[in-house]
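Just so you know, the protein sequences line up as chains A and B, in that order. So in the working numbering, spot 289 of the first sequence is number 335, and the numbers just go up one at a time. So in the working numbering, spot 258 of the second sequence is number 304, and the numbers just go up one at a time. Yeah, the Cβ is synthetic: ideal placement off N, Cα and C, and Gly gets one too.
There are 2 protein chains.
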Amino acid sequence: MIRKLVIFGVGLIGGSLALALRGANYCQTVVGCSRNAAHLQKAIDLGVIDSFTLDPQAAVQDADMVLLAVPMGAMGRLLEQIKPALPADAVLTDAGSTKGSIVAEVEQVFGKGFTRFVPGHPIAGREKSGVEAAIPDLYINRRVILTPLPHTDPTALRAVEDMWRMTGAVLESMPVALHDSVLAATSHLPHVLAFSLVDTLLNLPMREDIFRYAAGGFRDFTRIASSDPVMWRDICLANKDSIVEMIGKLQADLSEFATLVERQDGEGLYTRMSRAKQARDSYIAYLENHKASVQETQDDQ
Amino acid sequence: MIRKLVIFGVGLIGGSLALALRGANYCQTVVGCSRNAAHLQKAIDLGVIDSFTLDPQAAVQDADMVLLAVPMGAMGRLLEQIKPALPADAVLTDAGSTKGSIVAEVEQVFGKGFTRFVPGHPIAGREKSGVEAAIPDLYINRRVILTPLPHTDPTALRAVEDMWRMTGAVLESMPVALHDSVLAATSHLPHVLAFSLVDTLLNLPMREDIFRYAAGGFRDFTRIASSDPVMWRDICLANKDSIVEMIGKLQADLSEFATLVERQDGEGLYTRMSRAKQARDSYIAYLENHKASVQETQDDQ
Numbered sequence: 047m048i049r050k051l052v053i054f055g056v057g058l059i060g061g062s063l064a065l066a067l068r069g070a071n072y073c074q075t076v077v078g079c080s081r082n083a084a085h086l087q088k089a090i091d092l093g094v095i096d097s098f099t100l101d102p103q104a105a106v107q108d109a110d111m112v113l114l115a116v117p118m119g120a121m122g123r124l125l126e127q128i129k130p131a132l133p134a135d136a137v138l139t140d141a142g143s144t145k146g147s148i149v150a151e152v153e154q155v156f157g158k159g160f161t162r163f164v165p166g167h168p169i170a171g172r173e174k175s176g177v178e179a180a181i182p183d184l185y186i187n188r189r190v191i192l193t194p195l196p197h198t199d200p201t202a203l204r205a206v207e208d209m210w211r212m213t214g215a216v217l218e219s220m221p222v223a224l225h226d227s228v229l230a231a232t233s234h235l236p237h238v239l240a241f242s243l244v245d246t247l248l249n250l251p252m253r254e255d256i257f258r259y260a261a262g263g264f265r266d267f268t269r270i271a272s273s274d275p276v277m278w279r280d281i282c283l284a285n286k287d288s289i290v291e292m293i294g295k296l297q298a299d300l301s302e303f304a305t306l307v308e309r310q311d312g313e314g315l316y317t318r319m320s321r322a323k324q325a326r327d328s329y330i331a332y333l334e335n336h337k338a339s340v341q342e343t344q345d346d347q
Numbered sequence: 047m048i049r050k051l052v053i054f055g056v057g058l059i060g061g062s063l064a065l066a067l068r069g070a071n072y073c074q075t076v077v078g079c080s081r082n083a084a085h086l087q088k089a090i091d092l093g094v095i096d097s098f099t100l101d102p103q104a105a106v107q108d109a110d111m112v113l114l115a116v117p118m119g120a121m122g123r124l125l126e127q128i129k130p131a132l133p134a135d136a137v138l139t140d141a142g143s144t145k146g147s148i149v150a151e152v153e154q155v156f157g158k159g160f161t162r163f164v165p166g167h168p169i170a171g172r173e174k175s176g177v178e179a180a181i182p183d184l185y186i187n188r189r190v191i192l193t194p195l196p197h198t199d200p201t202a203l204r205a206v207e208d209m210w211r212m213t214g215a216v217l218e219s220m221p222v223a224l225h226d227s228v229l230a231a232t233s234h235l236p237h238v239l240a241f242s243l244v245d246t247l248l249n250l251p252m253r254e255d256i257f258r259y260a261a262g263g264f265r266d267f268t269r270i271a272s273s274d275p276v277m278w279r280d281i282c283l284a285n286k287d288s289i290v291e292m293i294g295k296l297q298a299d300l301s302e303f304a305t306l307v308e309r310q311d312g313e314g315l316y317t318r319m320s321r322a323k324q325a326r327d328s329y330i331a332y333l334e335n336h337k338a339s340v341q342e343t344q345d346d347q
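Here is the structure:
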């Protein structure tokens with residue numbers, strides 16, 4: 047049970063959490079905070095939060111749970127702002143798409159020994175974003191990954207676990223570095239690729255024809271290039287090392303592929319593509335078998 | 047009106063054409079030919095063809111229209127086989143995904159002056175393949191691209207145009223080289239990327255976690271990696287130059303992207319990703335506006 051939940055950044059992620067917890071009567075009060083009063087008023091009108099303030103220090107007063115759901119580029123400054131007023135027994139958690147960067151920022155502001163921060167990443171999304179898109183059942187059967195540190199207070203961890211469990215989410219725990227590598231591979235790299243592919247095509251002389259003749263496969267493949275550039279800029283900056291490493295690995299694979307094509311090595315191409323097809327087909331079969339337990343998201347970050 | 051249509055390779059593409067033409071009473075007889083009698087018998091049972099033979103020379107006897115719908119790697123040998131028996135007034139066309147290679151093969155077998163070959167590429171597909179997946183309305187509102195050569199006989203071209211028009215397809219005409227570049231960009235490159243991405247992930251130490259945590263975006267993005275490796279091997283070999291060129295361009299773009307990430311150039315990243323998002327969104331808006339006229343295919347090649 048949470049007494050006062052403060053949500054910084056009341057959009058799809060924070061708003062859906064608030065709706066789920068309020069629906070379950072798990073929160074006495076939910077306070078929203080951002081820099082946009084009209085937007086926060088809308089969140090009140092939609093029944094997502096109880097009240098709001100534009101002042102981060104006022105917001106965290108008497109709070110026992112604080113969720114940071116602002117764009118990752120805004121986290122550092124926000125931490126500085128709330129530091130003087132954050133109650134000693136409050137639990138701090140976040141919803142950022144990468145974990146190493148926020149862990150470093152919290153350490154920098156609150157010190158290395160700070161035990162009441164629980165890094166979190168709810169893997170849920172919809173095509174739409176913003177508080178208008180918030181729904182109480184967004185997290186049902188969706189994954190929420192927590193990456194507690196060795197010195198994280200077990201009580202704080204349990205409080206965050208309990209909170210997410212109330213939303214119907216499936217909880218997972220893994221080290222910060224593994225989280226960032228896995229997400230770099232499965233989410234960040236595909237996004238980088240989609241943005242780059244569209245950009246490559248834009249620079250071709252026959253781009254008019256290209257966009258005219260592009261068909262279904264291209265549409266699916268580039269869907270994620272329609273994602274929010276601010277969020278993805280922040281993710282790229284925050285998960286720099288893993289993303290650069292993944293781009294390098296893919297570049298090496300692409301070079302090998304190009305060499306096989308150039309050498310007209312049909313057998314080599316067939317082997318490579320069969321292996322990929324087989325892995326992808328097994329992955330889909332795995333998903334089919336686990337459909338009941340964990341839902342896929344439409345727009346994971 | 048076609049007297050005798052011969053289809054080499056009675057699968058989804060050839061079978062659906064046969065069903066559409068028979069449904070429109072546009073063919074007196076449809077003869078199937080491949081190396082698999084059981085498969086051809088099935089095509090008869092399904093009402094797709096009237097009769098079959100395993101002998102390419104017997105097949106083309108008295109034919110006025112011959113469609114090559116075998117895998118591209120099998121085209122060259124087939125051309126050699128039918129050459130001695132192809133009637134002088136028969137029209138030869140194909141359904142291959144690249145056009146430069148088949149044009150070269152036809153020239154090699156029939157000579158540079160051969161006027162009765164009309165290179166074609168029906169851009170249509172379904173998740174399923176094979177004659178069992180053939181349907182009479184596959185081509186309704188789908189694009190069929192023809193790439194006639196300067197010396198192509200206008201009567202032959204008209205015969206192929208009329209045939210496809212009967213299926214409800216939207217006809218387009220463009221030069222061979224443009225076709226191959228545009229398809230390399232919009233279809234072949236995305237496929238190469240999807241195959242390579244899955245392969246890159248397979249080689250990572252944490253691949254178990256990766257496939258476990260991969261979510262919606264990854265699934266869409268790699269869907270085309272489940273395509274037929276034989277077909278894609280042949281496409282890569284046949285459209286070698288364009289594909290290698292496109293991989294090179296994408297590699298250059300990816301390197302630039304990686305440099306921006308490494309330099310923590312947030313503005314550069316934002317500019318690049320916004321541009322891609324805008325182009326992709328306009329493309330989707332364009333598609334929405336043209337939905338009524340040209341249908342997207344599920345699995346274009």
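DSSP places residue 107/B in the coil class of the three-state scheme, outside both helix and strand. Secondary structure in the region 220–261 of chain B: the alpha helix (DSSP H) runs of 4 residues or longer, each lying completely within the stretch, are 222–229, 235–248 and 253–259 in chain order. In the DSSP assignment, residue 48/A falls within the unbroken beta strand (DSSP E) covering 48–54. Under the three-pair Cβ rule at 8 Å, the region 166–181 of chain A counts as touching the region 62–72 of chain A. The C-beta distance from residue 293/B to residue 216/B rounds to 30 Å, too long to fall under 8 Å, and the pair is not in contact. Beta-bridge partners assigned by DSSP to residue 99/B: 79/B. Taking a Cβ-Cβ threshold of 7 Å, none of the residues of chain B is close to residue 73/A; the smallest such distance is about 28 Å. Those residues of the region 231–257 of chain A placed with their C-beta closer than 8 Å to a C-beta in chain B are 231, 232, 233, 235, 236, 237, 238, 239, 240, 241, 242, 243, 244, 245, 246, 247, 248, 249, 250, 252, 255, 256 and 257, ordered along the chain. In chain A, no part has a C-beta under 8 Å from the C-beta of residue 185/B; the shortest such distance is about 14 Å. In the DSSP assignment, residue 189/A forms a beta bridge with 169/A and 216/A. In the DSSP assignment, the residues bridged to residue 139/B are 113/B and 164/B.
When Cβ pairs closer than 8 Å are counted between the two stretches, the region 256–276 of chain B is seen not to touch the region 246–260 of chain A, the count staying below three.
Residue 118/A sits buried, since 16 or more C-beta atoms from the chains shown fall within 10 Å of its C-beta.
Around the beta carbon of residue 123/A, a 10 Å sphere encloses fewer than 16 other beta carbons of the protein chains shown; the residue is thus reported as exposed.
Under the three-state reduction of DSSP, residue 127/A is assigned to helix. With fewer than three CB-CB distances shorter than 8 Å, the region 141–151 of chain A does not count as touching the region 290–306 of chain A. For residue 165/A, no CB of chain B lies under 8 Å from its own CB, so it is not counted at the interface with that chain. Chain B has no Cβ within less than 8 Å of the Cβ of residue 221/A.
In this structure, residue 196/B lies away from residue 203/B, with their beta-carbon atoms at least 8 Å apart. Contact of residue 192/B with chain A by beta-carbon distance below 7 Å is absent, the smallest such distance being about 14 Å. When C-beta distances to chain A are compared with 9 Å, the residues of the region 290–302 of chain B below that value are 290, 292, 293, 294, 295, 296, 297, 298, 299, 300, 301 and 302, in chain order. Under the three-state reduction of DSSP output, residue 74/A falls in the strand class. With its beta carbon at least 8 Å from every one in chain A, residue 88/B lies outside the interface. Under the Cβ criterion of 8 Å, residue 176/A is not counted among the residues facing chain B. Cβ-Cβ distances below 6 Å link residue 199/A to 161 and 162 in the same chain, with the five nearest sequence neighbours on each side left out; the list follows chain order. Residue 54/B holds the alpha-carbon nearest to the alpha-carbon of residue 99/B among 113/B, 54/B, 209/B and 132/B. By the criterion of a C-beta distance shorter than 6 Å, residue 127/B is surrounded in its chain by 102, once the five residues flanking it on both sides are discounted. Sequence-distant partners of residue 178/A (beyond 5 residues in either direction) whose C-beta falls short of 6 Å from its own C-beta are missing from its chain. With 16 or more other Cβ atoms inside 10 Å of its own Cβ, residue 146/B counts as buried. Listed along the chain, the chain B residues whose CB falls inside 9 Å of the CB of residue 224/A are 252 and 255.
Comparing C-alpha distances from residue 225/A to each of 110/A, 148/A, 85/A and 304/A shows the shortest one belongs to 148/A.
In this structure residue 296/B is in contact with residue 242/A, their Cβ atoms being roughly 6 Å apart against a cut-off of 8 Å. Within its own chain, the residues whose Cβ lies closer than 7 Å to the Cβ of residue 78/A, once the five positions on either side in sequence are excluded, are 53, 56, 86, 89, 95 and 98, listed in chain order. Judged by DSSP in its simplified three-state form, residue 181/A adopts coil rather than helix or strand.
A direct Cα-to-Cα measurement between residue 329/A and residue 183/A gives close to 26 Å. The Cβ atoms of residue 244/B and residue 322/A lie closer than 8 Å to each other.
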